[in-house]
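Enquirer: Got a structure for you, questions after.
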Amino acid sequence: MVWFNNSSIGMGYKGNSPSLPQIRTWVRMCRRIPALLLALGVCLVGCADPCASPKHDAVIAQAAAEEGAMQTESGLVFLLLKQGTGPKPTADNRVQVHYEGRLADGTVFDSSYKRGSPSAFELTDVIPGWTEGLQLLAGGGKARLTIPARLAYGKKGKKSKIPPCTPLIFDIELLGIYD
């Protein structure tokens, strides 16, 4: 049984003692607090990056520590390798690039250089790390993008080439920008 006094639950309507319905309402609200706290905890855990791991965080931290590297608010690490002289693309541009994509262990999983032909992409159709990183690069420039998994292929990965929750490293040369 729960005991109440006026000082613990406040006064009722017009300064009178609280009525029984008011006390019942207060008790019902108090009983819901644990469920609300549990729901809040579930929401907070669900908001965490499912791909976060010390190993992957170390890859990003190592790239960010390189001289000249800058890390964006999203976690992308941008390292300028060659200054470009042209304009920078916007998110709705089509770009032509030469690139090489690697895993953190150095395994090359894709390369337009090896194919001998540059690739063209709409920046709206590529991984978020490319969309963000290429907007930092002037035409004719070259950069290294170290991309956290959440800005790459996330927990799904990509077929047999890219395991789930894998940060990626791209050397990208911006050859052209189209509307």
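Residue numbering for the sequence shown follows this note's numbering, starting at 1146 and increasing by one per position. Think of the CB as a built atom: it goes at the ideal place given N, C-alpha and C, for glycine as much as any other residue.
Which residues share a DSSP beta bridge with residue 1246?
Expert: 1255, 1315
Enquirer: If you follow the beta strand (DSSP E) that residue 1292 is part of, which residue opens it and which one closes it?
Expert: DSSP places residue 1292 in the uninterrupted beta strand (DSSP E) bounded by 1287 to 1292.
Enquirer: Residues bridged to residue 1303 by DSSP?
Expert: 1307
Enquirer: For the alpha helix (DSSP H) containing residue 1204, list its first residue and its last residue.
Expert: Boundaries of the alpha helix (DSSP H) harbouring residue 1204: 1199 to 1209, taken from the DSSP string.
Enquirer: Write down the C-beta distance between residue 1314 and residue 1298 rounded to the nearest angstrom, noting that I regard them as a contact closer than 8 Å.
Expert: 13 Å between Cβ atoms; not a contact.
Enquirer: Compute the Euclidean distance between the alpha carbons of residue 1222 and residue 1180, then round it to the nearest angstrom.
Expert: Those two C-alpha atoms are separated by around 40 Å.
Enquirer: Please state whether the Cβ-Cβ distance between residue 1254 and residue 1261 is less than 8 Å.
Expert: no
Enquirer: Quick one: grab the DSSP three-state call for residue 1322.
Expert: strand
Enquirer: For residue 1213 versus residue 1224, is the C-beta spacing smaller than 8 Å?
Expert: yes
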